[in-house]
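Novice: One structure is given below, represented as structure tokens, and several questions about it will come after.
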Amino acid sequence: MTHVRGTAIEAVALVKRYGEVTALDGLSFTVPAGTVFGLLGPNGAGKSTTIKILTTLSTPTSGAATVAGIDVLAHPNAVRRAIGVVTQGSGTDRQATGRENLLLAAHIHGMRGRAATARVDELLELFDLTGAAKRLVKAYSGGMQRKLDVAMGLVHRPSVLFLDEPTTGLDPQARSEMWAEIARLATQERLTILLTTHYLEEADHLADHLVIVDRGRLVAQGSPEELKSELRGDAVVVELAPDASVDSARTAVEAMAREVTVTGRTIRARVDNGASAVPAVLAELERAAVAVAAVTVARPALDDVYLRHTGRTFAAASASASGSGSEEVAVA
Ligand SMILES: Nc1ncnc2c1ncn2[C@@H]1O[C@H](COP(=O)(O)OP(=O)(O)OP(=O)(O)O)[C@@H](O)[C@H]1O
Ligand SMILES: [Mg+2]
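If you want it as structure tokens, here you go:
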């Protein structure tokens, strides 16, 4: 596999307008070769739009980009030969077998005969699909289908791989298998991988560098560790009981902690030391006659980075918030 040294992807001041909608509003970033780069953002942030421009499926309103050292606007065909793309929806033919799908992808890339079948067999093996190669894709599990999608993107041995939400809709086990696969591709195959995700955990786990995008703009960038280390102290999350007054609760928490935000019946705040702050916060809430359902103390997570930069929480992440080191304290 060809390995691009130095910079694998460079996006410079990308703007994309669709009529009234500004999907990208001056987005710039650089992806070092051989790394996994995460583009993290909520629905409509502009992630797929960025991928479409970088993979030559769309042109920017203004701005420039190079992929594998090639200008995407000047030489789109050369860029296409250097990259693999796995789109947000699957590109497979569900009425064909996994093997047939891979062979078709090989033929589309101009591979014939033994070269094509050897590459297909190699990919089936690599993605643990050899046993399922002769089954129709419609009978595959979600995880198997997604692995086949990624395998199809790799048929022509690209140096840069784009994955648009590789694990959305997968169950936890299939997701962790895909994570292992992506990490393996990056280290053993020396691929540069740009992936988009809604999952903070996924970006934290996989990305060497990431950018957080919101409404077409870059709001933060760095390694997951760098982004988390911007946040000093612990996050305290208070879930209010159904009949509690949110306004009184906010006032009470504001007296004891900083960076207080409210989402529905959930109050988030930051304190220097979670363990010692919780009793004080609870005492203050009790003084204000606010009933509390639960309190959680957590080490800084990417969720907090997102909240800090956008003023909003990352709702998709809360559904799968394991691994943030949180500790639930039930309150009677
Ligand atoms: N072809 C299009 N025509 C008009 N508007 C579009 C088009 N494609 C995207 N948009 C708009 O551009 C914005 C960014 O869309 P994009 O698909 O890039 O977001 P995303 O970050 O990939 O979101 P998701 O997480 O939901 O996949 C959205 O407001 C979207 O509605
Ligand atoms: Mg998208």
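The sequence shown begins at 59 in our numbering and counts up by one.
Think of the CB as a built atom: it goes at the ideal place given N, C-alpha and C, for glycine as much as any other residue.
Report yes if the C-beta of residue 256 is less than 8 Å from at least one heavy atom of ligand 1; otherwise report no.
Specialist: Here the question's residue 256 lines up with position 198 in the sequence shown. Yes, since a heavy atom of ligand 1 falls inside the 8 Å radius drawn around the Cβ of residue 256.
Novice: Does ligand 2 have even one heavy atom less than 8 Å from the beta-carbon of residue 207?
Specialist: Walking along the sequence shown from the start, residue 207 turns up at place 149. No - ligand 2 has no heavy atom lying nearer than 8 Å to the Cβ of residue 207.
Novice: Mind checking residue 198: buried by the 16 CB within 10 Å criterion, or exposed?
Specialist: Position 140 of the sequence shown, counted from the start, is the residue given in the question as residue 198. By the 10 Å Cβ count, residue 198 comes out buried.
Novice: Could you please give the first and the last residue of the uninterrupted alpha helix (DSSP H) stretch that includes residue 267?
Specialist: For the purposes of this step, residue 267 is identified with residue 209 of the sequence shown, where counting begins at 1. It is not in any alpha helix (DSSP H) - residue 267 instead sits in the beta strand (DSSP E) that spans 267-272.
Novice: Residue 90 by DSSP, collapsed to three states: which one?
Specialist: To locate residue 90, count along the sequence shown from 1; it is residue 32. Strand.
Novice: Can residue 10 be considered in contact with ligand 1, in the sense that its beta carbon sits closer than 8 Å to one or more heavy atoms?
Specialist: The requested residue 10 does not occur in the structure, where the chain is confined to residues 59 to 390.
Novice: Residue 4 lies in the beta strand (DSSP E); which residues open and close that run?
Specialist: This structure cannot speak to residue 4, because the chain is shown only from 59 to 390.
Novice: Please report the Cβ distance between residue 272 and residue 368, rounded to the nearest whole angstrom; I am assuming they are in contact, meaning their Cβ atoms lie under 8 Å.
Specialist: Residue 272 sits at position 214 when you count from the first residue of the sequence shown. Residue 368 sits at position 310 when you count from the first residue of the sequence shown. Correct: roughly 5 Å between the Cβ atoms.
Novice: Determine whether the beta carbon atoms of residue 352 and residue 296 lie at a separation below 9 Å.
Specialist: Taking the first residue of the sequence shown as position 1, residue 352 is located at position 294. Taking the first residue of the sequence shown as position 1, residue 296 is located at position 238. Taking 9 Å as the Cβ cut-off, residue 352 and residue 296 qualify as a contacting pair.
Novice: Indicate, with yes or no, if ligand 2 has a heavy atom lying under 8 Å from the CB of residue 231.
Specialist: What you label residue 231 is simply residue 173 of the sequence shown in a count that begins at 1. No.
Novice: Please list the terminal residues of the continuous beta strand (DSSP E) segment that includes residue 326.
Specialist: Along the sequence shown, read from residue 1 onward, the residue named residue 326 stands at position 268. Run containing residue 326: 324-329, per the beta strand (DSSP E) assignment.
Novice: Does residue 116 have its Cβ less than 9 Å from a Cβ in chain B?
Specialist: Protein chains in the displayed structure number just one, and chain B is not present.
Novice: Our contact map puts residue 110 next to residue 254 with C-beta atoms below 8 Å; I'd like the distance itself, whole angstroms only.
Specialist: Locating residue 110 in the sequence shown gives position 52, counting from the first residue. Locating residue 254 in the sequence shown gives position 196, counting from the first residue. Actually they do not touch by this definition, with Cβ atoms about 11 Å apart.
Novice: Got a sec: does ligand 1 put a non-hydrogen atom nearer than 8 Å to the Cβ of residue 99?
Specialist: The residue given as residue 99 occupies position 41 in the sequence shown. Yes.
Novice: Quick one: grab the DSSP three-state call for residue 384.
Specialist: Counted from its first residue, the sequence shown places residue 384 at position 326. For residue 384, the predicted model reports a pLDDT of 37, less than 50, meaning its position is unreliable; a value from the coordinates is still stated below. In this structure, residue 384 counts as coil in the three-state DSSP scheme.
Novice: Residue 364 by DSSP, collapsed to three states: which one?
Specialist: Your numbering for residue 364 matches position 306 in the sequence shown. The answer is helix: DSSP assigns residue 364 an H, G or I state.
Novice: Where do the ends of the alpha helix (DSSP H) carrying residue 160 lie?
Specialist: For the purposes of this step, residue 160 is taken as residue 102 along the sequence shown, with counting starting at 1. Residues 156-166.
Novice: For ligand 2, is there a heavy atom less than 8 Å away from the beta-carbon of residue 223?
Specialist: Translated into positions along the sequence shown, residue 223 becomes position 165. True, at least one ligand heavy atom lies under 8 Å from that Cβ.
Novice: Check each candidate in 266, 213, 85, 240 and name the one with the smallest Cα separation from residue 222.
Specialist: Walking along the sequence shown from the start, residue 222 turns up at place 164. Nearest C-alpha to residue 222: 240.
Novice: Based on Cα-Cα distance, which residue from 196, 227, 184, 190 lies nearest to residue 208?
Specialist: Working through the sequence shown from its first residue, we reach residue 208 at position 150. Among 196, 227, 184, 190, the Cα nearest to that of residue 208 belongs to 184.
Novice: Following a CB-centred definition, is residue 106 positioned closer than 8 Å to any heavy atom of ligand 3?
Specialist: The model depicted lacks ligand 3 and carries ligand 1 and ligand 2 instead.
Novice: Could you pull the DSSP bridge partners for residue 293 from this structure?
Specialist: As a working mapping, residue 293 is identified with position 235 in the sequence shown. Paired residue(s): 328, 356.
Novice: Taking residue 319 as part of the beta strand (DSSP E), name the residues at either end of that continuous run.
Specialist: To locate residue 319, count along the sequence shown from 1; it is residue 261. Residues 316-321.
Novice: Check the C-beta distance from residue 89 over to residue 67 and give it rounded, since I have them as a contact under 8 Å.
Specialist: By one-based count along the sequence shown, residue 89 stands at place 31. By one-based count along the sequence shown, residue 67 stands at place 9. Sure, about 4 Å apart at Cβ, within 8 Å.
Novice: Excluding sequence positions up to five away, which residues of its chain have a Cβ less than 6 Å from the Cβ of residue 274?
Specialist: The residue you call residue 274 lines up with position 216 of the sequence shown. For residue 274, where only same-chain residues beyond five positions count, the Cβ hits under 6 Å are 80, 81, 82, 83, 104.
Novice: Here's a check: name, in chain order, each residue in its chain whose Cβ is nearer than 6 Å to the Cβ of residue 381, leaving out the five neighbours to either side.
Specialist: On the sequence shown, position 323 is the one that residue 381 refers to. Summary for residue 381: the model assigns pLDDT 32, below 50, so the residue's position carries little reliability, and this model does not support an answer.
Novice: Distance check for residue 354 and residue 218, CA to CA, integer angstroms please.
Specialist: Along the sequence shown, one-based indexing puts residue 218 at 160. Along the sequence shown, one-based indexing puts residue 354 at 296. About 41 Å.
Novice: Any heavy atom of ligand 1 closer than 8 Å to the beta-carbon of residue 81?
Specialist: Along the sequence shown, one-based indexing puts residue 81 at 23. Answer for residue 81: yes, Cβ within range of ligand 1.
Novice: Quick one: is the Cβ of residue 146 within less than 8 Å of any heavy atom of ligand 2?
Specialist: Position 88 of the sequence shown holds residue 146. Because some heavy atom of ligand 2 lies under 8 Å away, the Cβ of residue 146 counts as near it: yes.
Novice: Residues in the same chain with beta-carbon distance under 7 Å from residue 332, minus the five sequence neighbours each way, listed in chain order, please.
Specialist: If you number the sequence shown from 1, residue 332 lands on position 274. Excluding residues within five positions, the ones whose Cβ falls inside 7 Å are 292, 294, 355.
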